[in-house]
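Residue numbers (full-length UniProt numbering): 1 to 120.
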């Protein structure tokens with residue numbers, strides 16, 4: 001696994017790590033993740049909430065980081081921009097999930113922002 005980005009200050013940063021099935025004998029989307037950060041290794045779990053195995057995956061992670069709960073969700077795609085039926089399907093899945101989650105005090109759609117993937 002290698003996750004790279006350009007900071008708001010224009011600096012390139014990268015994080016490396018590993019991802020493996022949490023329980024390979026089970027047919028579930030739990031992944032164990034290990035990231036090598038400047039201050040040490042961070043281990044956690046990611047859940048694949050939905051995927052079509054070819055175009056997109058919706059993943060979620062929740063863990064405690066220095067005593068604070070950290071919740072992350074991503075829409076991962078093989079292309080920089082999701083289009084057509086795939087975009088419609090993913091947006092419907094996300095909208096339904098967030099409607100349910102936000103009604104229970106969880107995050108709302110407005111708590112998320114799109115990451116620009118142009119020129120990367």
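No residue lacks a Cβ here, since even glycine has one placed at the ideal position from N, Cα and C. These numbers were taken from a predicted model, which means no experiment stands behind them.
- Closest option to residue 49, judged by alpha-carbon separation, among 43, 31, 103, 118: 31.
- With a threshold of 16 other beta carbon atoms within 10 Å, residue 46 meets it and is buried.
- Scanning its chain for C-beta atoms nearer than 8 Å, with the 5 sequence neighbours on each side dropped, one finds around residue 55 the residues 77, 78, 79, 82, 86, in chain order.
- Between residue 19 and residue 37, the C-beta spacing is not below 9 Å.
- Counting only runs of 3+ residues, the beta strand (DSSP E) found wholly inside the UniProt domain "Lipocalin/cytosolic fatty-acid binding" (11-95) occupies 12-21, 30-37, 40-51, 56-65, 68-77, in chain order.
- Beta-bridge partners of residue 2 (DSSP): 16.
- Note on residue 75: 16 or more other CB atoms within 10 angstroms of its CB, so buried under the neighbour-count rule.
- Here residue 115 carries a coil assignment [DSSP, helix/strand/coil].
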